[in-house]
Each structure stands twice: as structure tokens, then as C-alpha cells.
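See structure below.
As C-alpha cells, then:
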């Protein structure tokens, strides 16, 4: 007969797990047919909610954490398995970052089992070896996906920078036939300063985005790079690219004002507003998973600040 707590843990049925442990707390110490306890299963399934619940509510959990299954796998071996949280679909890039973060977190939380990092299962693999073996193809797919996306974004960044560099030295409006100076310099100097501010800020942001994208392109794409370096660079690149796009639209609208095109000024402002809203929605949709991951990773990095660095793990 199957253990209902084990089955509920495998299926991620949180309510049933909580009810069973609430009435029968000693049920937590059971094993499945492979010699795994419920903490092992939660770690293997990468079920963060159940894992945190077990760590807070199971009293004698050290012995459970020190257990190995029938194949000699420790809790770190199980954390190194390829996979993602149940019922959550992630792309290869996001899955790679979450997997490395999950493995690192499990290791930091159980450092009293330091020997587990070099413990070999029946196949002769340590947890590090197993992680690299399981994620070899995923890392290659993530590298290709990130480079392909990065190449397209670099083209956009260069185009934005080129357009705004030209606009910086091309003042809108007519020129005085006698002095050769732009008319707007005297008639509407404030609006001209606003236009120059928009263009300058756009140029700076596009250059910064290009630098971030180049740093991604030149990365070695080791497993440890997916933990924090690559997600942070990607987010910074997307943020500065988004800002440059927003202010490019604002500069176009401001140019209409400088040209004294009164009949299109209102339309230009409405176009600026609607374009900004659309760009903001695209930006949020693009970076939502990355920002969620960064917040989670930064939280646990600060929580375990001062402990052994990731470079010693990989």
C-alpha cells in the first residue's frame, strides 16, 4: 500500500500534506520505494513551498537530511537533478538559473553535511559531477538562446544610439539666415534644452545597454555565471534599452514641439504616451521571470552572506 504522505508530496498537494502532518507528525519519517523521505522528494521536485514547510515544522530533520537513498544519492545529488517546479513552465535560460540557485541554496542550508559535496553515489558521481552532467545540454541551449537574443538586442541598441547621435547634432527648426544659428535657441530655449536632455540620456542608455550586451556575449557561460552574473547583466541591458526607447519616443515628440507644428503636438504627446505604455508592457513581460529570480537569489545570497562562495562549489 502506498504512503499517502509520500504521494501527496510527489504530487505537490500542499493542503493534504499539511493535514496529514498535523494529525500524524511521525508520518514524516517514512520512505518511498527508492529510499527517499519527504524532504528528499521535495528537494528533487524543487518544490520550494513544501521544502520550506518541512524545514520549519519537522522536528528531527537532521537525520532525514543525512539520509541517502537506495542509489547512494544524498540530498545534494537530488537537488542536482534536471527539472523545474511542478506546473511551472520555464524556458531553458530561466530553468538553468533556477536550477543553479536551487542547488546552491540546498547546499548553503545544510553545510553541516559538508562531506556530502564530495560524496559519491553508486555510479561514482558527486553532486557537482551530477549537476554538470545533467545540465550540460541545458547550459548549451541556454547559451545559444541568450546569444541569439543578445545579437538582436545589440542591433536595436546600435540603431538607437546611431539615430540619437545624429539627432544630438541636428537641431530641429529653422535657422537664422543672418547668424546661421537655430531660431529655437532664442525663441524657445527651454524646449531645446529638454530635447537635448532626452537625446543625451537616450544615447548614454543605449551605449550602456550595448556594453552590458557585449559583456554577456563575451561571457564564458559556466554554470556559476547563470547564478547571478548573467541574469543581472541581462536585466541591466534590458532596463537601459527600455529607457533609451522611451526617451527616443519622447525626443520625437519634443522635436514636433520645436518645429512649432501646433496641429500635431497633441497627437505627438498622445503617441508618446501610448508608445510608452506599450513598451512598458513589453518590458515587464520580458523581464518578469528574471526579476523574480534575481529577487529570490539576492534574498538568499544576503541571508547566507559570508559563507563559502559559489566558486568553491563549482
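Residue numbers (the numbering used here): 42 to 355.
Just so it is clear, CB atoms sit at the ideal spot from N, CA and C, and this is done for glycine as well.
Predicted, not measured: the structure shown is a model, and the values here were computed from it.
Where residue i sits in the DSSP three-state scheme
{"i": "residue 88", "result": "coil"}
{"i": "residue 65", "result": "coil"}
{"i": "residue 269", "result": "coil"}
{"i": "residue 321", "result": "helix"}
{"i": "residue 104", "result": "helix"}
{"i": "residue 327", "result": "helix"}
{"i": "residue 77", "result": "coil"}
{"i": "residue 55", "result": "helix"}
{"i": "residue 161", "result": "coil"}
{"i": "residue 82", "result": "helix"}
{"i": "residue 112", "result": "coil"}
{"i": "residue 72", "result": "coil"}
{"i": "residue 259", "result": "coil"}
{"i": "residue 202", "result": "helix"}
{"i": "residue 360", "result": "Nothing about residue 360 can be reported from this structure: the residues present for the chain run from 42 to 355 only."}
{"i": "residue 149", "result": "helix"}
{"i": "residue 211", "result": "coil"}
{"i": "residue 169", "result": "helix"}
{"i": "residue 344", "result": "helix"}
{"i": "residue 310", "result": "helix"}
{"i": "residue 368", "result": "Outside the modelled stretch of the chain, which goes from 42 to 355, sits residue 368, for which no answer is possible."}
{"i": "residue 44", "result": "coil"}
{"i": "residue 123", "result": "coil"}
{"i": "residue 287", "result": "helix"}
Cβ neighbours of residue i in the same chain (closer than 8 Å, five flanking residues each side left out)
{"i": "residue 80", "result": "92, 95, 96, 99, 102, 105, 106, 116"}
{"i": "residue 246", "result": "281, 282, 284, 285, 288"}
{"i": "residue 186", "result": "132, 133, 134"}
{"i": "residue 266", "result": "260"}
Chain-order list of residues whose beta-carbon lies under 6 Å from that of residue i (same chain, five-residue window excluded)
{"i": "residue 274", "result": "253, 256, 257"}
{"i": "residue 240", "result": "205, 208, 209, 292"}
{"i": "residue 159", "result": "167"}
{"i": "residue 352", "result": "Confidence at residue 352 is low in this model, with a pLDDT of 49, below 50, so its placement is unreliable and the value that follows should be read with caution. Closer than 6 Å at Cβ, skipping near neighbours: no residue."}
{"i": "residue 161", "result": "167"}
{"i": "residue 157", "result": "115, 117"}
{"i": "residue 330", "result": "135"}
Short Cβ contact (9 Å threshold) for residue i with residue j
{"i": "residue 296", "j": "residue 208", "result": "yes"}
{"i": "residue 262", "j": "residue 183", "result": "yes"}
{"i": "residue 272", "j": "residue 138", "result": "yes"}
{"i": "residue 166", "j": "residue 155", "result": "no"}
{"i": "residue 292", "j": "residue 234", "result": "no"}
{"i": "residue 199", "j": "residue 251", "result": "yes"}
{"i": "residue 32", "j": "residue 136", "result": "There is simply no residue 32 to check, as the chain begins at 42 and stops at 355 in what is shown."}
{"i": "residue 345", "j": "residue 149", "result": "yes"}
{"i": "residue 264", "j": "residue 290", "result": "no"}
Buried/exposed call for residue i, threshold 16 Cβ in 10 Å
{"i": "residue 77", "result": "buried"}
{"i": "residue 210", "result": "exposed"}
{"i": "residue 63", "result": "exposed"}
{"i": "residue 259", "result": "exposed"}
{"i": "residue 75", "result": "exposed"}
{"i": "residue 164", "result": "exposed"}
{"i": "residue 145", "result": "buried"}
{"i": "residue 269", "result": "buried"}
{"i": "residue 141", "result": "buried"}
{"i": "residue 203", "result": "exposed"}
{"i": "residue 65", "result": "exposed"}
{"i": "residue 151", "result": "buried"}
{"i": "residue 323", "result": "exposed"}
{"i": "residue 294", "result": "buried"}
Cβ-heavy atom distance, residue i to the ligand NAD, below 8 Å
{"i": "residue 345", "result": "Within the structure as shown, the ligand NAD is missing, as the structure has no ligands at all."}
Cβ neighbours of residue i in the same chain (closer than 7 Å, five flanking residues each side left out)
{"i": "residue 327", "result": "279"}
{"i": "residue 58", "result": "46, 49, 50, 91"}
{"i": "residue 332", "result": "276"}
{"i": "residue 122", "result": "85, 175"}
{"i": "residue 68", "result": "46, 61, 62"}
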